[in-house]
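Residue numbers for the sequence shown follow my numbering, so the first one is 115 and each next one is one higher.
Cβ coordinates follow ideal geometry from the N, Cα and C atoms, glycine included.
Fair warning: this is a prediction, and the values are worked out from it, not measured in the lab.
The structure appears below as structure tokens.
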Amino acid sequence: MTRVIVLGADGYCGWPTALHLAAAGMDVCAVDNLSRRRWDEALGIASLTPIPSFETRVDAWNEVGSRPIQAVVGDLLDYDFLHDLIARFQPDAIVHFAEQRSAPFSMIDRLHATFTQHNNVIGNLNLLFAIKEAAPDCHLVKLGTMGEYGTPNIDIEEGYIEIEHNGRKDTLPYPKQPGSFYHLSKVHDSHNIAFTCRVWGMRATDLNQGVVYGTVTKETQLDARLVNRFDYDDVYGTALNRFCVQAAAGEPLTVYGSGGQTRGYLDIRDTVRCIELAILNPAKAGEMRVYNQFTEQFSVSQLAELVVQAGRTLETEVQVDHLPNPRVELEDHYYNAKHSKLRDLGLEPHLLSDSLLDSLLNIAIEHRDAVQSGSIKPRVDWRDTANKGLSAAAALYDPGSQGALRGAIDDVTTRGRQRDAQREAVASFAAK
Ligand code: NAD
Ligand code: USQ
């Protein structure tokens, strides 16, 4: 039986992945520090779909799912917790989703930038040490991002590129030109992982995922309490999901700048399958594999046009606004990224179709009364080092403690009695 720890299992990608892996017959331990729920509160934003507590959704799965999962609340920044978890559970694979993943969040101000890099880089580094010390043969499946590469004027390869220079050739990591302090944190993670593969013989797969859309998977549909989050706000909402909610709420679509920004996109149902495929086909000892995890490329304007068309079939008139771009990014550029390796392993993509767009729009329409109109317009300007509108969130941070969100997550992570309860939970799961 394959034993898997899913880190970040209360999140948008982690939750449906934990369920999917359990349904596929794996022993799943779902871990999260629940910090994302706190960040949402601090920013005054919320998932469009009403997600129950972590405990409630896990209980619901254990009632209706084909194979139960175990849940543990814990923080990757707490090394003792992480080491203990891995030592006791002895996973074959660890899927690492547990990072601060919003580019706009990381660009709010200095505190959000330092917090993002601290949480992501140190959390990932702790994980590498814990795997090496407690389960060195375990396969790390790490979520990276297509945004690590930026938008170069040449084809993007899957992780590595053969270069000829002054008559000599080598295969080297593909150059990185990330577009935010968040995307930079992923580049730092990739370097740390590659180094430990080289030096300690770790086995790792870095999945450079594109922008994910959709919210429903086979497993989340089984019960209303299993509903996945659906972010549409300016900080955590991603392009297509945002556009569907904007259309449902009768707001114009927020295309930034001219809209020629092109990225790789994939359906959440393909995210969960890609993770399964990576686990079923592990990297070799000492190998740092890189797969580009997306299925289709679109420009932002193309996505907006698709939503306008889908609106027509639902008799909803959709307007498109071209807003001054709050980000610093190329709006008219070459983009051709390779993405065949997951297909070669057996991925059968769910391509963006009219029916998917209709169903996404219908979910958005069903919940449109919950849309907070103040969360739609972009509030984070890449050129500003102190984006005032969101400074309330900074009250959660303790500037004296390396930017970590200590105060706000103390009550849900590994302090005092809770740490003991966690150890018991891990021990009882490991004993099963
Ligand atoms: P999310 O914010 O919905 O989920 C991340 C989860 O990790 C949250 O539940 C959060 O509480 C948890 N977490 C964060 N820091 C933690 C820590 N230190 N210890 C324990 N738990 C912690 O994000 P998501 O959209 O599910 O993204 C998951 C991963 O996939 C991220 O690494 C992200 O960079 C990557 N990714 C996401 C997308 C996308 O479109 N959503 C695209 C490409 C890559
Ligand atoms: N955009 C708009 N209007 C919007 C929102 C976004 O025009 O209302 C544009 C952005 O300017 C950008 C593109 O759409 O050019 C994608 O933006 P996004 O917010 O959908 O995605 P991004 O910030 O890149 O981040 C998301 C996830 C992140 C993941 C990344 C994959 O939040 O975790 O790493 O997608 S990738 O883009 O491939 O790097």
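By Cβ distance below 8 Å, which residues in the same chain neighbour residue i in space, the five residues on each side in sequence not counted?
i	result
I393	T116, V118, L135, M140, D206, A207, V209, H253, V255
N176	P182, I183
K283	E276, I277
Taking 6 Å as the cut-off, is the beta-carbon of residue i closer than that to any non-hydrogen atom of the ligand USQ?
i	result
R377	yes
T265	no
Y370	yes
T385	no
R425	Position check: residue 425 holds Gly in this sequence, whereas Arg was assumed. False, no ligand heavy atom lies under 6 Å from that Cβ.
R356	yes
V349	no
M260	yes
V414	yes
G324	yes
A217	yes
A244	no
R441	yes
Any heavy atom of the ligand NAD closer than 6 Å to the Cβ of residue i?
i	result
N233	yes
N240	no
R213	Just to set this straight, residue 213 is Glu in the shown sequence, not Arg. Answer for E213: yes, Cβ within range of the ligand NAD.
G237	yes
L191	yes
N342	no
Y346	no
D124	yes
Residue i to residue j, Cα distance in whole Å?
i	j	result
V120	E390	12 Å
V313	G400	8 Å
G315	Y274	19 Å
H436	Y370	6 Å
T319	Y296	20 Å
G293	V235	17 Å
R520	R150	Summary for R520: the model assigns pLDDT 42, below 50, so the residue's position carries little reliability, and this model does not support an answer.
P266	V330	33 Å
T334	D223	35 Å
D525	L190	Because D525 sits at a pLDDT of 38, beneath the cut-off of 50, its placement in the model cannot be relied upon, and the following sentence gives the value as read from the coordinates. About 15 Å.
Y263	K290	4 Å
L298	Q214	12 Å
D468	N342	21 Å
Leaving out five residues on either side along the sequence, give the residues of the same chain with a beta carbon under 6 Å from the beta carbon of residue i.
i	result
H464	D381, R383, D384
D303	N238
K455	E272, Y405
E365	I490
V95	Nothing can be reported for residue 95, as the shown portion of the chain is limited to 115 through 546.
H197	A244, A248
S180	A137
S515	Residue placement at S515 cannot be trusted, given a pLDDT of 39 that sits under 50; what the coordinates show is reported in the next sentence. So the list is empty, once near-sequence residues are dropped.
G374	S413, E445, D446
Output needed for residue i: all residues of its chain with C-beta closer than 7 Å, excluding positions within five of it in sequence on either side, in chain order.
i	result
D458	none
N355	Y327, F344, D345, Y346
L417	A353, L354, F357
Considering only their Cβ atoms, is the gap separating residue j from residue i smaller than 7 Å?
i	j	result
T163	V386	no
D348	P492	yes
D154	A123	no
A185	R339	no
N450	D337	no
L475	C358	yes
A353	V414	yes
M472	A424	Residue 472 is actually Asp in this sequence, not Met. Yes, these two residues count as a Cβ contact at 7 Å.
R377	V442	no
V485	A363	yes
N306	M260	no
S216	Y350	yes
Give a yes or no on whether the minimum CB-CB distance between residue i and chain B is below 7 Å.
i	result
Q184	Going by chain labels, chain B is absent from the structure shown, which holds only one protein chain.
Inset, instruction - With a floor of 3 residues, list each beta strand (DSSP E) that falls wholly inside the region 217-279, ordered by position along the chain. - result: 253-259, 274-279
Inset, instruction - Output the residue ranges of the beta strand (DSSP E) runs that lie fully inside the region 329-381 and measure 3 residues or longer, sorted by chain position. - result: 367-370, 376-381
Legend entry - Runs of beta strand (DSSP E) lying entirely within the region 389-463, each at least 3 residues, in chain order: 402-407, 410-413, 434-437
Legend entry - beta strand (DSSP E) segments (min. 3 residues) lying fully within the region 121-201: 141-146, 184-187
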